[in-house]
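Notes for the one structure printed next.
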Amino acid sequence: MSFLQPWMLLALPLIAIPIIIHLVNQRRFQTVPWAAMRFLLEANKMSSGYTKLRQWLILAMRTLALAALVLFTARPLTSGIMALLGGDSNRLAIVVLDRSPSMSETLPGANGNKLQMAVQQLGDTFRTLGIERIVAIDPVSEKPEEYTSVSQWLRATPQQTWSATTDIPGMLEKALLYAKNNRVGNTLVWLCSDMRDSDWRSRDGRWKAIQDGFKTLPQDVRFSVLDLSGNESNNRSVRVTSAQRIDGPKGPELSLNFRIDRSSSAANTSSNDTNSIPVEIAVGENRSVLNVDLNGNSAEVNDHRIPLELLRDDPNASRRGWGSVRLPSDSNPADDQSYFVFEQPPTRRTVIVSDTPELVAAIELCASIAPQQSVQCEAELLNPSQLDALDWSSVALMVWHQPLPSGKTLETLEKFVSSGGQLLLVPPESPDSNTAFGIQWMGWENPPSNPNQAIANASSDANASDDRGDTAADGLARIEQWQNDSQLLANTLSGAPLPLGQLGIRRVCKIDGDITPLASLSGGTPVLAKIDRTDSSITICATTPSDRDSTFAGDGIVLYVTIQRLLAIGATRVGTAKDVVAGTEHRIVNPTSAMAAGPESVPSSEYAMHSGIYLADDILVAINRGLAEEDPRMVDQDALQRMFGDLSWAKINAGKPASSLVQEIWRWFVVSMLAALLIEAILCLPRVKRPIPAKTSI
Amino acid sequence: MLQVSRSFLDPQILSRLSAVPLKPRHAMQGNVSGKHASPHRGSSVEFAEYRKYVPGDDLRRLDWRAFGRTDRYYVKEFEADTNLRCCAVLDTSGSMGFASKGMLTKIDYGRRICASLAYLAAQQGDAVGVSTVAEKIVQNIPPKRSAAHLKLLLDTLEKTKPQGETRLPEILDELAETVRQRALVVIISDFFVDPAQLKQCFEHLRFRKHDVAAFHLLDPQELSFAFGRPVRFVDMEGNTSLFVEPTEIADRYQRSLANYLKQMQQIVLETGVDYHRVTTSESYEHPMMRFLVGRTRGRGVR
């Protein structure tokens, strides 16, 4: 329990008054000569248990009444927030609001969603505590907003979640910066979240820096975590996994793949609900309804065809368009709609930079053969001197069969990669000591041949038996392990693994640097690897597809699939229709963009944070919530302790609808005081006794 | 009659009390002829019975009329009248000195009762004596009839002071033996002794055929036990003291007192004692009047 006016507790010693009066009264005795001593002595010997208990009860009731009076005047509160405030209600309040899609969930019995509940509870708490100085941290704007009254803060605080996953460590970094720069006094940072690990990023390395930063501040900063986690009572979510325009036999069609998931608690509580969900599919302004049967808690719709020729209203619809898949509304509307864009697939252009084209001829061949009729592929062989004239915007895949770049070339390639282009590094014939992208070619070597059989990882066991056979005697090293859960070497649509075990490696170029091996020889020598970068756009092949170095060209399936997959990824940067994750593309979707579909009343400055369809510089962008939002993991007490470390923090459960975080409970003390006085009065009532007759004669 | 002027005697009250005669409840055995019934046959005018003549009887007492009617000899007998010997026993122990504010001390109250009783007895020609008792018999004045004796009694009462412990049971036993049979024994005390011992004493007095009356004097504060703040009670008959919170103990005190008074009532009923509980807040005239009037209701039994 905490108090709004804790200084009134200084009056607590007043509760000793009844005890002092009792003691003084004991000393104020009178001496009386007494005749009927025998009755007194007899009375003294009789059991006095109840009488003594009554006296002590009376004393206790008087003390209790005074204590209740003092506590009542100190204005007690229900929760320990004042303890968190350290009794200083003039602390600056820095508010960090989690506005991730999961905060749109409406708890049973609540009037608003979790975000609205948090804002309302915080507002009530600020009013109760008399907090007037509030700073709101916004992940979009650079500068935190300062408010001088609760009503001002409430008016300015948006009550709408966005589709982006919240970066709580990032917002705390901003709070730290604000506290440092503005020399604020004692501060209480309010973190309102539904405790999803995707928002808190508990493993993020920034937490250590945040801890250290706040610890070095001269002022006292404390953290209050408002836990808004609660069971999703009835929630379904939909996500479009792909939307492709294909040329069908009757004209252009849209091939749509989407997935519906239902929360397990919703599955339990809505057992009476039908498993068939009417899904509204909109393509442009045209809508249709598809009933999807749930298989357990999920359903996956693959290759749902929508003929685009029928969209007469929009003549361009057959070339490029957008749409959405929407579920009937439930407890969390933020994940009930998923947007998509589609267009005529752009040409997948591969540029191969090499001085020895014969060594990479297989790559050129693989890159120029389209996997589908609707897709066009082309490959171009260049030497480094021709790079200046290259139109980088049309390139999906760059194959670099040269010594590692440096200088301006390196900068150009960095830009290409950071814009979404795919780069495949192939070791040159004569590697130098140059370092680029954090790696260095260390020179060619002949790996020892591996007489053992290729061992694929778990899911490739079935196919591994096919790989066994006559490869032991050919003197080739075999790929022993590969990541079939990676996008590049994933199993085929039929579930069969790629035949990497059949590949033979004669020569590999060793790599030095931070890489993640995708396929390795025995002993761990990587053959295919990714450079550890956030964009994962640079792939390394440690050998060439020429027969002199490997059997990549001879067993061309792996090479073809890998090149086409790289091209598919890289092609996304080339087209004019993009699917992006909310909150990641502020450069593309900016306030000058136009919203074609999406939530209304969203400020243009937050376009990049909200799901919808936007038109930005003739690029059609579909923004959806990130995959991280599907992660059900929550941040537990241990994780919070790890994140905050030695900082002063406390978690307050704010997940009950229509309840205040902090409430004055002085009424209970008034009632207690009255009850104590009443009991004291009852105990003090004299007993009704039969009077002894003054005179009797017999 | 001897003219007396004492602070503890109110002539007006005495004159009102004189209107009611002091009578014993049983036949008394006095020294001289008097107004009260005697257990023996005598020469009064009140016929008692016929008895068969036996040789040796005084022939003058033969009832010749009865001889004439029945041809048998009968002797006619008459009641004998005698005087009353009244022994007042006044408790003068320390506890009798207690008085609440504005009240008479119990010994003052007892002194008034005792003096009035002595005056009334003397006035009707009965012998009266006083014993003041505490740890022992402090002063013992045997019953006499003379007016000078009354003065002595009053002087003695005037000088009496409350002191010492109460050993009433032993003293009453002693008086039961020393006072000649068939006397009126009036005990004036607060009786703060063991009721069982008192019962034995009363039975002893009754066994000696005394007419026993008891004035039980109690102060109003002893009954109500009304104290506001803590009190250190000092025993008036010793050095014992007791510190109590009156509000805590009042309940049990009242219970103990009520239990004691109930026992007293039971005892006086069983032993046939003429018992009067008196609160010192009332005028002594009232208990005296109750005492006297109560005795006029029944006729003396021989």
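Just so you know, the sequences run in chain order E and U.
Per our numbering, the first sequence starts with residue 6, numbered consecutively.
Per our numbering, the second sequence starts with residue -2, numbered consecutively.
Here a beta-carbon is modelled for each residue, glycine too, at the ideal position from N, C-alpha and C.
Item                                                                                                                        : Value
Cβ-Cβ separation, Thr166 (chain E) to Gln203 (chain E) (assumed contact under 8 Å), whole Å                                 : Strictly speaking, residue 203 (chain E) in this sequence is Ser, with Gln absent from that position. Incorrect: roughly 14 Å between the Cβ atoms, too far for contact.
Phe95 (chain U) classed as buried or exposed, judged by whether at least 16 other C-beta atoms fall within 10 angstroms     : buried
Pair within 8 Å by beta-carbon distance, Val594 (chain E) and Ala613 (chain E)                                              : yes
Residue-chain proximity (Asp101 (chain U), chain E), Cβ-Cβ < 8 Å                                                            : Going by the sequence as given, residue 101 (chain U) is Leu instead of Asp. By this cut-off, Leu101 (chain U) is not an interface position.
Three-state secondary structure (DSSP) of Val365 (chain E)                                                                  : helix
Residue burial classification, Lys103 (chain U) (beta-carbon count within 10 angstroms, cutoff 16)                          : buried
Phe212 (chain U) vs Phe34 (chain E) beta-carbon contact at 8 Å                                                              : no
Chain-ordered neighbours of Val29 (chain E) on chain U, where CB pairs are closer than 8 Å                                  : Residues of chain U passing the Cβ test: none, with the nearest at roughly 10 Å.
Member of E:Trp195, E:Lys220, E:Ser336 whose CA lies at the smallest distance from the CA of Ala659 (chain E)               : E:Trp195
Alpha-carbon spacing of Glu174 (chain U) relative to Ala41 (chain E), whole angstroms                                       : 29 Å
Spatially closest choice to Arg203 (chain U) from U:Leu169, U:Ala223, U:Gly235, by CA coordinates                           : U:Leu169
Secondary structure, alpha helix (DSSP H): runs of 4+ residues fully inside the region 165 to 251 of chain E                : 173 to 187, 202 to 205, 211 to 221
Enclosing alpha helix (DSSP H) for Tyr106 (chain U) [first to last residue]                                                 : 103 to 120
Exposed unless 16 or more other CB atoms sit within 10 angstroms - verdict on Pro596 (chain E)                              : exposed
Span of the beta strand (DSSP E), counted from its first residue to its last, around Glu151 (chain E)                       : 150 to 152
Residues in the region 675 to 688 of chain E having any Cβ partner in chain U nearer than 7 Å                               : none
Bounding residues of the alpha helix (DSSP H) (the contiguous stretch that carries His591 (chain E))                        : That residue, His591 (chain E), is in no alpha helix (DSSP H); it is neither H nor E in DSSP.
Through-space distance from Ser7 (chain E) to Ser541 (chain E), alpha-carbon basis                                          : 51 Å
Separation of Ala524 (chain E) from Trp158 (chain E), as counted between CA atoms                                           : 54 Å
Reduced DSSP category for Asn302 (chain U) - H, G, I as helix; E, B as strand; rest coil                                    : No answer is possible for residue 302 (chain U): it lies beyond the span of chain U, which begins at -2 and ends at 299.
Collapsed DSSP secondary structure at Phe649 (chain E) in the structure displayed                                           : helix
Under 8 Å between C-beta atoms of Pro18 (chain E) and Leu64 (chain E)                                                       : no
Chain U contact for Ile697 (chain E) (CB, 8 Å cutoff)                                                                       : yes
Beta carbon of Arg80 (chain E) nearer than 8 Å to that of Leu9 (chain E)                                                    : yes
Cutoff 8 Å: Ile246 (chain U) Cβ touching any chain E Cβ                                                                     : yes
contact_flag[the region 224 to 238 of chain E, the region 325 to 334 of chain E] where n(CB pairs < 8 Å) is 3 or more       : no
Beta-carbon separation (whole angstroms), Ser610 (chain E) vs Ala73 (chain E), contact threshold 8 Å                        : Between Ala73 (chain E) and Ser610 (chain E) the Cβ distance is about 53 Å, and since that is not below 8 Å, they are no contact.
For Thr476 (chain E), three-class secondary structure by DSSP                                                               : At Thr476 (chain E) the pLDDT is 44, less than 50, meaning the model places this residue with poor confidence; the figure from the coordinates comes in the next sentence. Looking at Thr476 (chain E) - three-state DSSP - the assignment turns out to be coil, as it is neither helix nor strand.
Classification of Glu234 (chain U) by the beta-carbon crowding that lies within 10 angstroms, buried from 16 upward         : buried
Phe288 (chain U) to Ile110 (chain U) span [Cα, whole Å]                                                                     : 11 Å
Proximity of Arg305 (chain U) and Met286 (chain U) at Cβ, strictly below 8 Å                                                : With chain U covering only -2 through 299, there is no way to say anything about residue 305 (chain U).
Three or more C-beta pairs below 8 Å linking the region 71 to 81 of chain U and the region 143 to 153 of chain U            : no
At least three beta-carbon pairs within less than 8 Å, the region 510 to 524 of chain E to the region 447 to 455 of chain E : yes
Short-range partners of chain U found in the region 14 to 47 of chain E, where Cβ spacing is below 9 Å                      : Asn30, Gln31, Arg32, Arg33, Phe34, Gln35, Thr36, Val37, Pro38, Trp39, Ala40, Ala41, Met42, Arg43, Phe44, Leu45, Leu46, Glu47
Assigned exposure category for His591 (chain E) - 16 Cβ within 10 Å defines buried                                          : exposed
Neighbour-count burial assignment, Leu302 (chain U), 16 or more Cβ in a 10 Å radius                                         : Nothing can be reported for residue 302 (chain U): it is not among the residues displayed for chain U, which extend from -2 to 299.
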